[in-house]
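All residue numbers for the sequence shown refer to the numbering used here, where the first residue is 9 and numbers rise by one.
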Amino acid sequence: MNLSSEERQTLESTARKYTSPYCDVIRVKIVLLADEGLSNDVIASRLDTPRQIVSK
(Lines of atoms letter the chains of each structure in order from A; the text may use other names.)
(Lines give C-alpha, C1' and ligand atoms only; values in the text may rest on other atoms or scores of the structure.)
Protein backbone atom coordinates (compact mmCIF):
# COMPACT_ATOMS: atom_id res chain seq x y z
CA MET A 9 0.00 0.00 0.00
CA ASN A 10 1.06 3.55 -0.56
CA LEU A 11 -1.00 6.00 1.45
CA SER A 12 -0.51 9.69 0.91
CA SER A 13 0.35 11.77 3.96
CA GLU A 14 -3.16 13.26 3.87
CA GLU A 15 -4.77 9.80 3.80
CA ARG A 16 -2.53 8.64 6.65
CA GLN A 17 -3.42 11.69 8.75
CA THR A 18 -7.14 11.12 8.19
CA LEU A 19 -6.87 7.46 9.16
CA GLU A 20 -4.75 8.20 12.23
CA SER A 21 -7.30 10.80 13.32
CA THR A 22 -10.11 8.26 12.97
CA ALA A 23 -8.16 5.69 14.99
CA ARG A 24 -7.69 8.17 17.85
CA LYS A 25 -11.32 9.32 18.12
CA TYR A 26 -13.14 7.97 21.14
CA THR A 27 -16.41 8.31 19.23
CA SER A 28 -15.31 6.03 16.37
CA PRO A 29 -16.94 2.60 16.37
CA TYR A 30 -14.54 -0.14 17.50
CA CYS A 31 -14.82 -2.05 14.22
CA ASP A 32 -13.85 1.08 12.27
CA VAL A 33 -10.84 1.68 14.51
CA ILE A 34 -9.62 -1.89 13.97
CA ARG A 35 -10.04 -1.58 10.20
CA VAL A 36 -8.12 1.70 10.18
CA LYS A 37 -5.32 0.21 12.26
CA ILE A 38 -5.13 -2.77 9.88
CA VAL A 39 -4.75 -0.42 6.91
CA LEU A 40 -2.09 1.67 8.68
CA LEU A 41 -0.06 -1.38 9.67
CA ALA A 42 -0.40 -2.88 6.18
CA ASP A 43 0.90 0.40 4.76
CA GLU A 44 4.00 -0.08 6.92
CA GLY A 45 4.58 -3.36 5.08
CA LEU A 46 3.68 -5.74 7.89
CA SER A 47 2.32 -9.19 7.07
CA ASN A 48 -1.23 -10.23 7.90
CA ASP A 49 0.05 -12.57 10.62
CA VAL A 50 2.02 -9.80 12.33
CA ILE A 51 -0.91 -7.37 12.09
CA ALA A 52 -3.30 -9.94 13.56
CA SER A 53 -0.90 -10.60 16.42
CA ARG A 54 -0.37 -6.91 17.20
CA LEU A 55 -4.08 -6.15 17.19
CA ASP A 56 -5.05 -9.41 18.91
CA THR A 57 -7.45 -10.04 16.05
CA PRO A 58 -8.09 -13.24 14.08
CA ARG A 59 -6.02 -13.46 10.89
CA GLN A 60 -9.24 -13.97 8.90
CA ILE A 61 -10.33 -10.44 9.83
CA VAL A 62 -7.01 -8.95 8.76
CA SER A 63 -6.95 -10.73 5.40
CA LYS A 64 -10.36 -9.40 4.29
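Beta carbons are placed, not taken as given, at the ideal position from N, Cα and C, and that holds for glycine.
Original post:
Are the CB atoms of Lys37 and Leu11 nearer to each other than 8 Å?
Top reply: no
Chain-order list of residues whose beta-carbon lies under 7 Å from that of Ile51 (same chain, five-residue window excluded) | Ile38, Leu41, Ala42 and Val62
Item checked: Alpha-carbon spacing of Gln47 relative to Ser13, whole angstroms -> In the sequence under discussion, the amino acid at residue 47 is Ser, which differs from the Gln named in the question. Their backbone Cα atoms lie some 21 Å apart in a straight line.
- Are the Cβ atoms of Arg35 and Asp49 separated by less than 8 Å? no
### Task
Identify whether Glu44 lies in helix, strand or coil by the three-state DSSP scheme.
coil
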